[in-house]
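J.: Supplied in structure tokens, the structure appears directly below.
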């Protein structure tokens, strides 16, 4: 049985994977969206969609910085707000 911490990681992984997959689907729906995504050719949009699908599959093992950049870029592409930075406290205030 997964612990609470493991469940949070599983849920975070799933949510981030969905963002990447939705961005890939958005690019596939209309390759003309390549220009909006900052790409010079329609074929590049389809290639990027494939790359996002592969990245989504391997996301739990991706470097945290690369993962953050990929997820936030896909959110921006989809017109969604960026994630709020988490505030982590390492010690309690007195």
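Numbering (the numbering used here), first residue to last: 3 to 96.
The beta-carbon is built from N, C-alpha and C at its ideal position, and this holds for glycine as well.
Please read all numbers here as calculations on a predicted model, not as lab measurements.
For residue 46, which residues of its own chain have a beta-carbon under 7 angstroms away from its beta-carbon, when the five flanking residues on both sides are left out?
T.: Along the chain shown, read from residue 1 onward, the residue named residue 46 stands at position 44. Closer than 7 angstroms at the Cβ level, and outside the excluded window around residue 46, lie 36.
J.: With distance defined between alpha-carbon atoms, name the residue in 66, 6, 81 and 53 nearest to residue 26.
T.: Against the chain shown, residue 26 aligns to sequence position 24. The option with the nearest alpha carbon to residue 26 is 53.
J.: How many angstroms separate the CA atom of residue 79 from the CA atom of residue 11?
T.: In the chain shown, residue 79 corresponds to position 77, counting from 1. In the chain shown, residue 11 corresponds to position 9, counting from 1. Their backbone Cα atoms lie some 24 angstroms apart in a straight line.
J.: Can the beta-carbon of residue 21 be found closer than 8 angstroms to that of residue 77?
T.: Translated into positions along the chain shown, residue 21 becomes position 19. Translated into positions along the chain shown, residue 77 becomes position 75. Yes.
J.: Rounded to a whole number of angstroms, what is the C-alpha to C-alpha distance between residue 24 and residue 18?
T.: Taking the first residue of the chain shown as 1, we reach residue 24 at position 22. Taking the first residue of the chain shown as 1, we reach residue 18 at position 16. Spanning the two alpha carbons is a distance of roughly 10 angstroms.
J.: Ends of the alpha helix (DSSP H) at residue 14?
T.: Counting from 1 along the chain shown, the entry for residue 14 is found at position 12. Its alpha helix (DSSP H) spans residues 6-31.
J.: Kindly indicate which three-state DSSP category residue 84 falls into: helix, strand or coil?
T.: Residue 84 sits at position 82 when you count from the first residue of the chain shown. The answer is coil: DSSP assigns residue 84 none of H, G, I, E or B.
J.: Grab me the residues of residue 51's own chain with a C-beta within less than 6 angstroms of its C-beta, minus the 5 sequence neighbours each way, in chain order.
T.: What you label residue 51 is simply residue 49 of the chain shown in a count that begins at 1. Taken in chain order, the residues that qualify are 26, 29 and 30.
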